[in-house]
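Undergrad:
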């Protein structure tokens, strides 16, 4: 039986403090309740792992990861709104899982808004499972909404 050909990993580069203008421009376009520049800056200053995907010199996606022991925590992942639905999110996740291997991470954890059906679908298709619920985790226009905790065994 023929094995399906795996698509190539996305060519990512590490995020630096100098990238925060572009990251913030995309973050503000993509999310109704975006991270602040200070959050990204603090993550980088504390050694978290930020990654960028650029195409034709334009930022099309990024992710912020935290590695703790044998776990990878996906803190923030973003694809440019005009690029969503074209497979870049799946490609970015697959590439991040490859990066996790270099950190000897065995499990990936993330939180997702319960109302973010597109992201939940993406994570389920990538092999994540719901493992918990964080009550009132995310801000909304009219209060708070729960966050679904998801996990995937990487190796």
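Residue numbers (my numbering): 561 to 715. Virtual Cβ for every residue (Gly too), placed ideally from N, Cα, C.
Can you list, in chain order, the stretches of the beta strand (DSSP E) that have 3 or more residues and sit fully within the region 625-684?
TA: 631-639 and 667-673
Undergrad: Return helix, strand or coil for residue 565, following the three-state DSSP convention.
TA: Low per-residue confidence applies at residue 565: pLDDT is 35, beneath 50, and the placement is therefore not dependable, though the value from the model is reported in the following sentence. Coil, per DSSP.
Undergrad: Taking residue 674 as the reference, give the member of 707, 610 and 573 with the closest Cα.
TA: 707
Undergrad: Starting from the C-beta of residue 631, find all residues in its chain whose C-beta is less than 8 Å away, skip the five residues before and the five after it, and write them out in chain order.
TA: 665, 666, 667, 668 and 669
Undergrad: Rank 649, 698 and 627 by C-alpha distance to the C-alpha of residue 662 and give the top, closest one.
TA: 627
Undergrad: Where does residue 686 sit, in a helix, a strand or coil, going by DSSP?
TA: Three-state DSSP puts residue 686 in coil, outside helix and strand.
Undergrad: Just verifying my parser: in three-state terms, what is the DSSP assignment at residue 587?
TA: helix
Undergrad: State the beta-bridge partners of residue 609 as determined by DSSP.
TA: 625
Undergrad: Take residue 712 as the anchor and find which of 603, 681 and 691 has the nearest alpha-carbon.
TA: 691
Undergrad: Taking the straight line between their C-alpha atoms, what separation do you get for residue 700 and residue 592?
TA: 8 Å
Undergrad: On the CB-based measure, 16 or more other CB atoms within 10 Å of its CB, does residue 685 come out buried or exposed?
TA: exposed
Undergrad: Could you have a look at residue 616 and say whether DSSP puts it in helix, strand or coil?
TA: coil
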